[in-house]
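Last residue of the sequence shown: number 586 in our numbering, and the count goes up by one each step with no gaps.
No residue lacks a Cβ here, since even glycine has one placed at the ideal position from N, Cα and C.
Structure first, then comments.
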Amino acid sequence: MAITALTFDLDDTLWNNRPVLERAEASHYQWLSDALAAASPGVGSTFMAHYPLSAYQQRRADVARRFPLKRGDFTWIRERALFEMVEAYGLPRLQARLWAAHAIAHFLDLRHDLTPYPEVVAMLDTLRRRYRIAAITNGNADLNRLDLADHFSVMIAAGELHAPKPDPRAFLAALARLGAQPSRALHVGDSWREDVLPAQRLGMQVAWIDAKNEGPCELLPGVHRLTHVRELPALLDSRAF
Ligand SMILES: [Mg+2]
């Protein structure tokens with residue numbers, strides 16, 4: 346059956362996300378520690394000496410456990426963790442909230458300092474003439490901050506829906522807004538668990554970007570293995586979707 350709509354995962358599908366997140370993670374935390382030290386020069390040990398990066402990561406896991414309804418909303422979880430830690434460091438509650446918000450703004454700036462794979466913009470430009478296109482991400486990348494928004498008619502931030510992939514609701518929301526039946530849509534993503542399985546179970550075709558070569562050898566019906574998103578146009582042509 347002819348494919349009329351495409352849905353795309355973002356992180357590690359349209360760009361290499363690991364270095365982006367590693368830099369954003371380390372830099373905004375260091376920024377917060379430096380800024381707190383500059384604001385209170387008399388305080389003995391720095392925020393980071395008090396709470397190393399591992400304590401921040403632990404606190405995020407703890408926040409996620411205590412606020413299960415916020416699962417998947419990683420930005421909220423980060424900000425809450427920073428707020429709690431800055432308050433515990435000794436700052437008044439309102440100031441702690443402001444510092445946490447400021448650090449998160451810094452994190453989001455760094456998180457959008459990324460470059461899509463070189464083929465991506467031209468590829469999307471061609472595909473959007475033939476297909477309706479949606480983005481479905483669990484992450485906190487905002488396409489409007491990346492100049493990619495024009496290529497997508499629908500954007501679903503699954504974490505903010507509190508239904509992160511593999512929950513099927515993000516896929517159903519994207520399909521509904523694209524006006525596409527699952528059998529007429531193809532999802533493109535790198536995660537076997539979060540992209541391939543839920544899309545395939547809904548009856549979508551799937552282009553699986555298996556860059557790390559870590560999935561099962563036996564593919565499910567409707568799943569097509571690629572090693573890079575640049576191979577997508579050839580797949581779409583060869584299958585006469
Ligand atoms: Mg991904």
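Distance between residue j and residue i (C-alpha atoms, nearest Å)
i: S378; j: R456; result: 19 Å
i: F419; j: A515; result: 16 Å
i: T358; j: I449; result: 24 Å
i: T471; j: P578; result: 9 Å
i: R299; j: D582; result: This structure cannot settle anything about residue 299, because the visible part of the chain is limited to 346 through 586.
i: R575; j: R404; result: 38 Å
i: A441; j: A433; result: 9 Å
i: N361; j: I554; result: 12 Å
i: Q526; j: L580; result: 20 Å
i: V499; j: R522; result: 7 Å
i: V431; j: L398; result: 13 Å
i: R473; j: A380; result: 44 Å
i: I501; j: Q545; result: 18 Å
i: Q375; j: M393; result: 7 Å
Proximity test, residue i beta-carbon vs ligand 1 heavy atom, cut-off 6 Å
i: D535; result: yes
i: D354; result: yes
Buried/exposed call for residue i, threshold 16 Cβ in 10 Å
i: L520; result: buried
i: K557; result: exposed
i: H573; result: exposed
i: Q402; result: exposed
i: L565; result: exposed
i: T460; result: exposed
i: R425; result: buried
i: R477; result: buried
i: V568; result: buried
i: V388; result: exposed
i: P463; result: exposed
i: D495; result: exposed
i: F412; result: exposed
i: A445; result: buried
Opening and closing residue of the alpha helix (DSSP H) in which residue i lies
i: F307; result: Only positions 346 to 586 of the chain appear in the structure, and residue 307 is not among them; the question remains open.
i: V533; result: Run containing V533: none in the alpha helix (DSSP H); it sits in the beta strand (DSSP E), A530 to G534.
i: R522; result: R514 to L523
i: A467; result: V465 to L472
Contact test: residue i Cβ vs ligand 3 heavy atom, cutoff 6 Å
i: D357; result: Looking for ligand 3 in the displayed structure turns up nothing; the ligands present are ligand 1.
Test item: CB-CB of residue i and residue j under 7 Å
i: P561; j: R538; result: no
i: T391; j: I481; result: no
i: V551; j: V541; result: yes
i: M346; j: S536; result: no
i: G484; j: G417; result: no
i: H373; j: F428; result: no
i: P509; j: L547; result: no
Unbroken beta strand (DSSP E) run spanning residue i, endpoints
i: L351; result: A350 to F353
i: Q550; result: Q550 to I554
i: R570; result: V568 to L571
i: A400; result: Here A400 belongs to no beta strand (DSSP E); instead the alpha helix (DSSP H) covers L398 to R411.
i: M430; result: Segment F419 to A433 is the alpha helix (DSSP H) holding M430; no beta strand (DSSP E) there.
i: R368; result: Taken as a continuous stretch (DSSP letters only), R368 belongs to no beta strand (DSSP E), being part of the alpha helix (DSSP H) at R363 to A384.
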